[in-house]
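Protein chains: 2
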Amino acid sequence: MRTEPAGTPLGDGFHLYDTTLRDGAQREGISYSVPDKLAVARHLDALGVGFIEGGWPGALPKDTEFFARAAAGELVLKHAVLVAFGSTRRAGVRAEDDPQVRALVDSQAPVVTLVAKSDRRHIERALRTDVAENRAMVADTVAFLRSQGRRVFLDAEHFFDGYTFDPDTAVGVLDAAVGAGADVAVLCDTNGGMLPLRIAEVVAEVAERTGFRLGIHCQDDTGCAVANSVSAVQAGATHVQCTANGYGERAGNADLFAVTGNLVAKLSMPVLPEGAFAELTRTSHALAELANIAPDTHQAYVGTSAFAHKAGLHASAIKVDPELYNHVDPSVVGNGQRVLVTEMAGRSSVELKGAEFGLDLAGHPDVVTSVVTTVKDREAQGWSFEAADASLELLMRSALGEPAATPFTLESYRVIIDRGVDGEVIAEATVKIWAAGERVIATREGNGPINALDAALRAALTSSCPWLEDVELSDYKVRLLSPKHGAGHGTDAVTRVLVESTDRAGSWTTVGVHGNVVEASWLALVDALAYASGARQRRAQSGACSGSGPIATR
Amino acid sequence: MRTEPAGTPLGDGFHLYDTTLRDGAQREGISYSVPDKLAVARHLDALGVGFIEGGWPGALPKDTEFFARAAAGELVLKHAVLVAFGSTRRAGVRAEDDPQVRALVDSQAPVVTLVAKSDRRHIERALRTDVAENRAMVADTVAFLRSQGRRVFLDAEHFFDGYTFDPDTAVGVLDAAVGAGADVAVLCDTNGGMLPLRIAEVVAEVAERTGFRLGIHCQDDTGCAVANSVSAVQAGATHVQCTANGYGERAGNADLFAVTGNLVAKLSMPVLPEGAFAELTRTSHALAELANIAPDTHQAYVGTSAFAHKAGLHASAIKVDPELYNHVDPSVVGNGQRVLVTEMAGRSSVELKGAEFGLDLAGHPDVVTSVVTTVKDREAQGWSFEAADASLELLMRSALGEPAATPFTLESYRVIIDRGVDGEVIAEATVKIWAAGERVIATREGNGPINALDAALRAALTSSCPWLEDVELSDYKVRLLSPKHGAGHGTDAVTRVLVESTDRAGSWTTVGVHGNVVEASWLALVDALAYASGARQRRAQSGACSGSGPIATR
Chain A
1 MRTEPAGTPL
11 GDGFHLYDTT
21 LRDGAQREGI
31 SYSVPDKLAV
41 ARHLDALGVG
51 FIEGGWPGAL
61 PKDTEFFARA
71 AAGELVLKHA
81 VLVAFGSTRR
91 AGVRAEDDPQ
101 VRALVDSQAP
111 VVTLVAKSDR
121 RHIERALRTD
131 VAENRAMVAD
141 TVAFLRSQGR
151 RVFLDAEHFF
161 DGYTFDPDTA
171 VGVLDAAVGA
181 GADVAVLCDT
191 NGGMLPLRIA
201 EVVAEVAERT
211 GFRLGIHCQD
221 DTGCAVANSV
231 SAVQAGATHV
241 QCTANGYGER
251 AGNADLFAVT
261 GNLVAKLSMP
271 VLPEGAFAEL
281 TRTSHALAEL
291 ANIAPDTHQA
301 YVGTSAFAHK
311 AGLHASAIKV
321 DPELYNHVDP
331 SVVGNGQRVL
341 VTEMAGRSSV
351 ELKGAEFGLD
361 LAGHPDVVTS
371 VVTTVKDREA
381 QGWSFEAADA
391 SLELLMRSAL
401 GEPAATPFTL
411 ESYRVIIDRG
421 VDGEVIAEAT
431 VKIWAAGERV
441 IATREGNGPI
451 NALDAALRAA
461 LTSSCPWLED
471 VELSDYKVRL
481 LSPKHGAGHG
491 TDAVTRVLVE
501 STDRAGSWTT
511 VGVHGNVVEA
521 SWLALVDALA
531 YASGARQRRA
541 QSGACSGSGP
551 IATR
Chain B
1 MRTEPAGTPL
11 GDGFHLYDTT
21 LRDGAQREGI
31 SYSVPDKLAV
41 ARHLDALGVG
51 FIEGGWPGAL
61 PKDTEFFARA
71 AAGELVLKHA
81 VLVAFGSTRR
91 AGVRAEDDPQ
101 VRALVDSQAP
111 VVTLVAKSDR
121 RHIERALRTD
131 VAENRAMVAD
141 TVAFLRSQGR
151 RVFLDAEHFF
161 DGYTFDPDTA
171 VGVLDAAVGA
181 GADVAVLCDT
191 NGGMLPLRIA
201 EVVAEVAERT
211 GFRLGIHCQD
221 DTGCAVANSV
231 SAVQAGATHV
241 QCTANGYGER
251 AGNADLFAVT
261 GNLVAKLSMP
271 VLPEGAFAEL
281 TRTSHALAEL
291 ANIAPDTHQA
301 YVGTSAFAHK
311 AGLHASAIKV
321 DPELYNHVDP
331 SVVGNGQRVL
341 VTEMAGRSSV
351 ELKGAEFGLD
361 LAGHPDVVTS
371 VVTTVKDREA
381 QGWSFEAADA
391 SLELLMRSAL
401 GEPAATPFTL
411 ESYRVIIDRG
421 VDGEVIAEAT
431 VKIWAAGERV
441 IATREGNGPI
451 NALDAALRAA
461 LTSSCPWLED
471 VELSDYKVRL
481 LSPKHGAGHG
491 TDAVTRVLVE
501 STDRAGSWTT
511 VGVHGNVVEA
521 SWLALVDALA
531 YASGARQRRA
541 QSGACSGSGP
551 IATR
């Protein structure tokens, strides 16, 4: 039974400990299934964290099942060690007789993290016991788990508040745990109310006073969880508990990716295995996907905006020297620098963006002017090209005089949504188009209006665009833009739709805006096909060799 | 010309300085109109910040217009002083001859914040001048602005990186500015790469070395902007620059609300006028609305989840002693504690939630069981009751055996979206319902399918529910939930719709989930009407007096 993490240069000397599956799952809006939990654990292991806290077996049925399926071979960990979380025995019961403690042993996790109260007010008012019995509960439970061959960490709940209120009681709990064989005393800012200078002060004092190996667990209620965690490490903690993207109850926990980014890039601590640091961004987005939460675009290190420059001033300076304007090279965390084209952007942002697309706009000042003007006008109506590079590229190509590559002309479409007396809901779409010189009419059903329209358009294009079979609509986002100065009802709003499409060669995003969600979606779908068609034509023109090359992801 | 902030107990001794309108507007996705900017400034002034940086007159036409309209009387500030931001004169030009410097004077802002380079690498590589000329640019520009009667603050760009690389050059820029009459030297972590212990160390060193009044301006690239700002204040800075909700370029800036929360609640610094602290949450949400960005639900202090407790363990303990589980009393920042009812919630969360609705579930264990089961089942299908209290209340009332208050029975509906040959898009909805014993058919058009359906249903209910005229659909949110384990296309996803409705008495939120966005919206609309109808009936039953009382906001 391996109890130490494998594979990082710091080995057991530093613990990167993830509790996404337990504390992270407390976030409003997250609900992991057992397969989700297994998938999350695999991503965390692939990234190279040392410990993965899988849940609270015995308290939550899903968590019990997770540990059972992990033990049965569904989860094979290369770097990480699996940890079960649970509480100490209840007051007045022997540890080996407490079913919750037995469930920890039954989980077969090689490491157990026990939570114990360390604030006297909580011991007396919430637990309704006394300091001595609380210590005994900790010591007995740790000793029992050690006798079962488990490595034990202690999460000292409300430690910082408790230490400030009554330091002897708080430290006494750590003494009880370590004395019975726990080997990390994790100081928890459970209510999340601390600031970094005080965190560093307390960690240093407790390290000095006890000599114990200390860990840190921070909640984000002051907006300082990342800073508090890093400050604790600088003050001597060698075990840090985080959650992916900072998921957690209330304001959340310390974000694993920001903490790791800071430890590696700022404090030069190689806490991940060789090569894994560049997987930070990808892992963050994959775990957002599994949590079914839109990634935070402005997240430090891993957000899609984390290295995005909008201001005209910066954009021109970046042309000169990118190193001066990023705190780290975005590629070390698997992220990339972007220049945003918005109404605020000057001509040099548009030129830089054109160059990203392989278009030389520098020699065409009139085209740059026309693109800047169109972007400003459209954005004033609710369009946004920041996230829709393919639509922006089409706009630039059109400004350069390239003919549109849309593989059809629309005559009309109609969508009907019918809820019958039986309660069944049907969506049906009919499109009438001209493609390859012929008039084509196609009708299809779908599970909703957009799905039906997409299906009907694909059906109408089957013979003229057989390559469409490879193009998949991989993501679809709807945003309602409230009329800013009007007094309109909620359903009057302008709708912005972003469509992400994928084929064998890559993926691309397009945008459509209209008062009607169906028409907004239609505009984005048409751009998506025009982009695919144009890219195909250019690949064909540039010869067979490059025909199989990827379309850049945009 | 007032140059000092009015109204806080700390007066000019501490500066809470907001740059939402300049640095915040750099955030990807934000585009303020001039009326937006005026509205933002009014909210910030009402909250009681000391300084409002309005923009960069002369560089951005919108900002020039903002200052002109403010000076013409469209902006009357009670607490705050308006600040214009700009750069020093260009190399080799006299300050009074530089049109950008003149634009700062012309803005009529009583305070000017000048940005200057303080990192030798930026001076030499980006500005392409030398250290001496850079100092002269700073000194000349400050002196000229002082001669025009302006108070001047200096933003020392890239100060922390510059100080680490070449402290004498960095401090030399501060010397030049203060020597010429600037009265705050603001140390900027422009690339956002710092951590709090180093920030505190540098601020203390520079304060010791210069004796100058220091300010702090942090970007959030390490996820530490709030912590860095607060640590700088603890180390001696008496001027802190923030943006509402941390809006800003890349990962953003230090969040005004978290910084203020920490200064007031953690460091006991009364940086806001009497009574204003309780406006923190409302102001944050209003400014998110003006930025047209969904509020961050997990934001420290002001997020709707900031005091939301989900775990069964915590929810039961909160019944005993709420003080033990919140780092501050949520009401001091105008926020509230919430208990979330989710599949993870135990019976006590459901009981507590029922009590919030005025329903006594404690005496009905079978009803609690049924509610817990229904919530779990529905959430597994994509429903979410966390944000839809009105739907949850309907579900609880139904479990208690109350008859449904829906004021009609649906026979069928049909929605048609037609884009004709002329490119015009029409949405038309027909509903067939039974209301007050009669069959009613109504057809209406709308700017989109949901709007048309809402209009048709209202038309069909005109005679049976005249009170509906008061009920307005005030917000409408669509979320696509990707099929988690399927291989479906983007438009196959299940759609969750949240509808917020308002009448004279309050507002309430309902939820609908379906594969078809129109049906999902229909379900949420029907719940909204059922909730309004039930609340009306109960008010009528409880007599005329309470009939005019508010429905609680849910």
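Protein chains in written order, with full-length UniProt numbering: chain A, 1 to 554; chain B, 1 to 554. In this text, a Cβ means the ideal position worked out from N, Cα and C, and glycines have one as well.
Proximity test, Cβ basis, 9 Å: residue i and chain B
{"i": "A:LYS477", "result": "yes"}
{"i": "A:THR222", "result": "yes"}
{"i": "A:SER412", "result": "yes"}
{"i": "A:GLN381", "result": "no"}
{"i": "A:HIS158", "result": "yes"}
{"i": "A:ALA460", "result": "no"}
{"i": "A:ASN326", "result": "yes"}
Residue i and residue j closer than 9 Å at C-beta
{"i": "A:ILE52", "j": "A:ALA291", "result": "no"}
{"i": "B:VAL499", "j": "B:LEU480", "result": "no"}
{"i": "A:VAL184", "j": "A:PHE165", "result": "no"}
{"i": "A:ILE416", "j": "B:VAL81", "result": "no"}
{"i": "A:ARG151", "j": "A:VAL206", "result": "no"}
Rounded C-alpha distance that separates residue i from residue j
{"i": "B:ARG102", "j": "B:THR238", "result": "29 Å"}
{"i": "B:GLU393", "j": "A:HIS122", "result": "33 Å"}
{"i": "A:GLY86", "j": "B:PRO270", "result": "41 Å"}
{"i": "A:LEU195", "j": "A:VAL49", "result": "26 Å"}
{"i": "residue 560 of chain B", "j": "A:LEU529", "result": "The first residue shown for chain B is 1 and the last is 554, placing residue 560 of chain B beyond what the model contains."}
{"i": "A:ALA487", "j": "A:GLY515", "result": "Low per-residue confidence applies at A:ALA487: pLDDT is 33, beneath 50, and the placement is therefore not dependable, though the value from the model is reported in the following sentence. So the two alpha carbons sit approximately 15 Å from each other."}
{"i": "B:GLU124", "j": "B:ASP98", "result": "21 Å"}
{"i": "A:VAL186", "j": "A:ASP475", "result": "41 Å"}
Top-ranked residue by Cα proximity to residue i, from the options
{"i": "B:HIS79", "options": "B:ASP189, B:ARG135, B:HIS15", "result": "B:HIS15"}
{"i": "A:ALA532", "options": "A:GLU469, A:VAL497, A:ARG69", "result": "A:GLU469"}
{"i": "A:ALA455", "options": "A:VAL142, A:ASN326, A:ALA300, A:VAL431", "result": "A:VAL431"}
{"i": "A:THR19", "options": "A:THR281, A:PHE357, A:GLU249", "result": "A:GLU249"}
{"i": "B:TYR301", "options": "A:VAL372, A:ASP220, A:VAL333, A:LYS266", "result": "A:ASP220"}
{"i": "B:SER107", "options": "B:PRO466, B:ALA139, B:GLN148", "result": "B:GLN148"}
{"i": "A:THR190", "options": "B:LEU267, B:THR283, B:GLU323, B:GLY13", "result": "B:GLU323"}
{"i": "A:LEU473", "options": "A:ALA524, A:VAL513, A:ILE433", "result": "A:ALA524"}
{"i": "B:VAL478", "options": "B:ALA294, B:ARG198, B:GLN234", "result": "B:ALA294"}
{"i": "A:GLY358", "options": "A:PRO403, A:ALA286, A:ARG538, A:ARG209", "result": "A:ARG538"}
Neighbour flag for residue i against chain A, beta carbons, 9 Å
{"i": "B:GLY192", "result": "yes"}
{"i": "B:HIS485", "result": "Caution applies to B:HIS485, whose pLDDT of 32 falls short of 50 and renders its modelled position unreliable; the value that the coordinates give is listed next. Chain A contact via Cβ: present."}
{"i": "B:TRP508", "result": "no"}
{"i": "B:LEU468", "result": "no"}
{"i": "B:THR113", "result": "no"}
{"i": "B:PRO57", "result": "no"}
{"i": "B:ARG125", "result": "yes"}
{"i": "B:ALA442", "result": "no"}
{"i": "B:GLY236", "result": "no"}
Spatial neighbours of residue i in its chain, beta-carbon cut-off 6 Å, leaving aside the 5 residues before and after
{"i": "A:LEU229", "result": "The sequence shown places Ser at residue 229 of chain A, not Leu. Within the same chain, A:SER229 has close Cβ partners ILE216, CYS218, VAL240, ALA254, VAL259."}
{"i": "A:ILE426", "result": "ASP418"}
{"i": "A:ASP119", "result": "HIS158, ASP161, GLY162"}
{"i": "B:THR304", "result": "THR297"}
{"i": "A:ALA139", "result": "ALA176, ALA180"}
{"i": "A:ALA520", "result": "THR495, VAL497, GLY512, VAL513, HIS514"}
{"i": "B:ALA286", "result": "HIS43"}
Residues near residue i in its chain [Cβ-Cβ closer than 7 Å; skip 5 each side]
{"i": "A:ARG135", "result": "GLY172, VAL173, ALA176"}
{"i": "A:SER391", "result": "PHE385, THR510, VAL511, ASP527"}
Residues near residue i by beta carbon distance below 8 Å, same chain, minus five either side
{"i": "A:GLY223", "result": "ALA251"}
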